[in-house]
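Enquirer: One structure, as structure tokens, below. Some questions next.
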Amino acid sequence: MSRGGRVQRVGVVAKVASREAVHTAHEMAEWLRRRDIEVVLDEATLRARGLESEPSFRASDTYDLVVVLGGDGTLLSVARTLSSGVAILGVNLGNLGFLTEINRGDLYPTLLQVLAGNCETEARSLLDVELRRNGGGSLSFRVLNDAVVTKSALARIIQLTLSVDGHLIARYRSDGLIISTPTGSTAYNLSAGGPIVNPLLPVVVLTPICPHALALRPIVVPDSGLIEISLETQREEVYLTLDGQEGTSIGHRDTLRITRGAGVVRLVKVNTRSFYDNLRVKLRWGGLGSEEPGTER
Numbered sequence: 005m006s007r008g009g010r011v012q013r014v015g016v017v018a019k020v021a022s023r024e025a026v027h028t029a030h031e032m033a034e035w036l037r038r039r040d041i042e043v044v045l046d047e048a049t050l051r052a053r054g055l056e057s058e059p060s061f062r063a064s065d066t067y068d069l070v071v072v073l074g075g076d077g078t079l080l081s082v083a084r085t086l087s088s089g090v091a092i093l094g095v096n097l098g099n100l101g102f103l104t105e106i107n108r109g110d111l112y113p114t115l116l117q118v119l120a121g122n123c124e125t126e127a128r129s130l131l132d133v134e135l136r137r138n139g140g141g142s143l144s145f146r147v148l149n150d151a152v153v154t155k156s157a158l159a160r161i162i163q164l165t166l167s168v169d170g171h172l173i174a175r176y177r178s179d180g181l182i183i184s185t186p187t188g189s190t191a192y193n194l195s196a197g198g199p200i201v202n203p204l205l206p207v208v209v210l211t212p213i214c215p216h217a218l219a220l221r222p223i224v225v226p227d228s229g230l231i232e233i234s235l236e237t238q239r240e241e242v243y244l245t246l247d248g249q250e251g252t253s254i255g256h257r258d259t260l261r262i263t264r265g266a267g268v269v270r271l272v273k274v275n276t277r278s279f280y281d282n283l284r285v286k287l288r289w290g291g292l293g294s295e296e297p298g299t300e301r
């Protein structure tokens, strides 16, 4: 959605486990309809109010704006499935919220700005992840945050071979490997000791989880290349997890092929707080917490 674009059709997705999110979704839908805007709610939210007969939100349909009510997890689940270019406004009803732009108290003032065209969108890159089975067949996924290869709770250390554009980077003996987008750098990657990356940079972050050799450190590579990861360990339980929400097992000599996705996720930006402001406020860099003057919770 470009500045000044007319909003005529809005999709709304709420975190179904949150009563506040479901209530806010219906309240906001009525607010928008009074302004002659078509609103489509997700199926679970309609069902919560006994409105199953109404048309429900489908990611493949066309929208001028999609509003996500919940937290970063809810936004991730929606962003992976939307058509490229659809503007997403995230409303944080959870805790930290790096992806969700505003909180509940700012919802309607923000919507007025969006309807007036006083907003911009920020493009976030996606990764296409293809899992090629050693015995034949493949699975495809798309992620906004990260793809994680990790051993199970009872498995021993695993060995992975990593290459970029055909160049061998390393053979990891570790608990796993995180392949993160810049957007996901503040998620699991950060917890595992990986670097924080500005979300607009065209890179991928590769962070080993508890590597056996201390010299094996996170590495940042261009997202224009082909990243390949092969599991060399036999007879261990190993899993691939996508954005912390999807997953499958990985077998011996199965290979992951990871490339930058053709599409992008467009997040609505309406406030003047920068990515660096978020680091300072939400991660309390420099001892500054969420009570810093001039910032929002």
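Positions 5 to 301 (our numbering) are the ones given, in order, by the sequence shown.
Note that CB positions come from ideal geometry on N, CA and C, so glycine has one too.
#1: Buried or exposed for Asn122, going by 16 or more other Cβ atoms inside 10 Å?
#2: May I ask which residues mark the beginning and end of the beta strand (DSSP E) holding Asp150?
#3: Out of Val272, Ala157, Gly180, which one is the CA nearest neighbour of Thr165?
#4: Buried or exposed, going by whether 16 or more other CB atoms sit within 10 Å of the CB of Thr252?
#5: Under 8 angstroms, with one C-beta from each stretch per pair, do the region 48-57 and the region 19-39 reach the 3-pair mark?
#6: Just list the residues that DSSP pairs Arg160 with in beta bridges.
#7: Enumerate in chain order the residues of its own chain whose CB-to-CB distance from Glu58 is below 6 angstroms, with the five nearest sequence positions on each side excluded.
#8: Give the C-beta separation of Thr315 and Lys273 to the nearest angstrom, bearing in mind that I take them to be a contact with Cβ-Cβ under 8 angstroms.
#9: Please give the ranges of any alpha helix (DSSP H) in the region 217-248, keeping only runs that are unbroken, at least 4 residues long and fully inside the region.
#10: Tell me whether Ser22 counts as near the ligand COA, meaning its Cβ is closer than 7 angstroms to at least one heavy atom of that ligand.
#11: Buried or exposed for Val44, going by 16 or more other Cβ atoms inside 10 Å?
#12: Whose C-beta lies closer than 7 angstroms to the C-beta of Ser167 among residues of the same chain, with five residues either side of it excluded?
#13: What are the partner residues of Gly74, as DSSP defines its beta bridges?
#14: Can you name the start and end residues of the beta strand (DSSP E) that Lys273 belongs to?
#15: From Glu42 to Ser228, what distance separates their C-alpha atoms?
#16: Determine the direct distance from the alpha carbon of Ser87 to that of Thr114, and round the result to whole angstroms.
#17: Please name the residue in Leu218, Thr85, Leu80, Leu116 whose C-alpha comes closest to that of Phe102.
#18: For Ser195, does the three-state DSSP call read helix, strand or coil?
#19: On the three-state DSSP scale, how would you describe Val11?
#20: Give every residue of the same chain whose Cβ lies closer than 6 angstroms to the Cβ of Glu295, excluding the five residues on either side of it in the sequence, and list them in chain order.
#21: Within 10 angstroms of its Cβ, does Asp150 collect 16 or more other Cβ (buried), or is it exposed?
#22: Pairs of beta-carbons, one from the region 255-266 and one from the region 127-144, closer than 8 angstroms: are there three or more?
Expert: In terms of the structure at hand:
#1: By 1-based counting over the sequence shown, the position of residue 122 is 118. Looking at its Cβ environment, which holds fewer than 16 other Cβ atoms inside 10 Å, Asn122 is exposed.
#2: Residue numbering aside, residue 150 sits at position 146 when the sequence shown is read from its first letter. It spans 150-155 - the beta strand (DSSP E) in which Asp150 sits, taken as one unbroken run.
#3: Along the sequence shown, one-based indexing puts residue 165 at 161. Comparing Cα positions, the closest option is Gly180.
#4: Numbered from 1 along the sequence shown, position 248 holds the residue referred to as residue 252. Exposed: under 16 other Cβ atoms inside 10 Å.
#5: yes
#6: Here residue 160 is taken as the residue at index 156 of the sequence shown, counted from 1. Per DSSP, none; premise fails for Arg160.
#7: Numbered from 1 along the sequence shown, position 54 holds the residue referred to as residue 58. Closer than 6 angstroms at the Cβ level, and outside the excluded window around Glu58, lie Leu50.
#8: As shown, the chain starts at 5 and ends at 301. That puts residue 315 outside it, with no answer to give.
#9: none
#10: For the ligand COA, the structure offers nothing, since it holds no ligand at all.
#11: Looking up residue 44 in the sequence shown gives position 40. It counts as buried.
#12: As a working mapping, residue 167 is identified with position 163 in the sequence shown. Residues of the same chain with a CB within less than 7 angstroms of the CB of Ser167, apart from the 5 flanking positions on each side, are Ile173, Glu232 in chain order.
#13: As a position in the sequence shown, residue 74 is number 70, starting the count at 1. According to DSSP, Gly74 bridges with Asn96.
#14: In the sequence shown, the residue the question calls residue 273 occupies position 269. 259-273 is the span of the beta strand (DSSP E), which, as asked, contains Lys273.
#15: Here residue 42 refers to the residue found at position 38 when the sequence shown is read from its first residue. Here residue 228 refers to the residue found at position 224 when the sequence shown is read from its first residue. Rounded to whole angstroms, Glu42 to Ser228 spans 39 angstroms at the Cα level.
#16: Start at 1 with the first residue of the sequence shown, and residue 114 comes out as number 110. Start at 1 with the first residue of the sequence shown, and residue 87 comes out as number 83. Going from the Cα of Thr114 to the Cα of Ser87 covers about 23 angstroms.
#17: In the sequence shown, counting from the first residue as 1, residue 102 sits at position 98. Answer by Cα proximity: Leu80.
#18: Within the sequence shown, numbered from 1, the residue matching residue 195 stands at position 191. Three-state DSSP puts Ser195 in a helix.
#19: Numbered from 1 along the sequence shown, position 7 holds the residue referred to as residue 11. DSSP places Val11 in coil when its eight states are reduced to three.
#20: Stepping through the sequence shown from its first residue, residue 295 is reached at position 291. Below a pLDDT of 50, predicted positions are generally treated as unreliable, and Glu295, at 48, falls in that range; no measurement from the model is reported.
#21: As a working note, residue 150 is residue 146 in the sequence shown. Flag for Asp150 reads buried.
#22: yes
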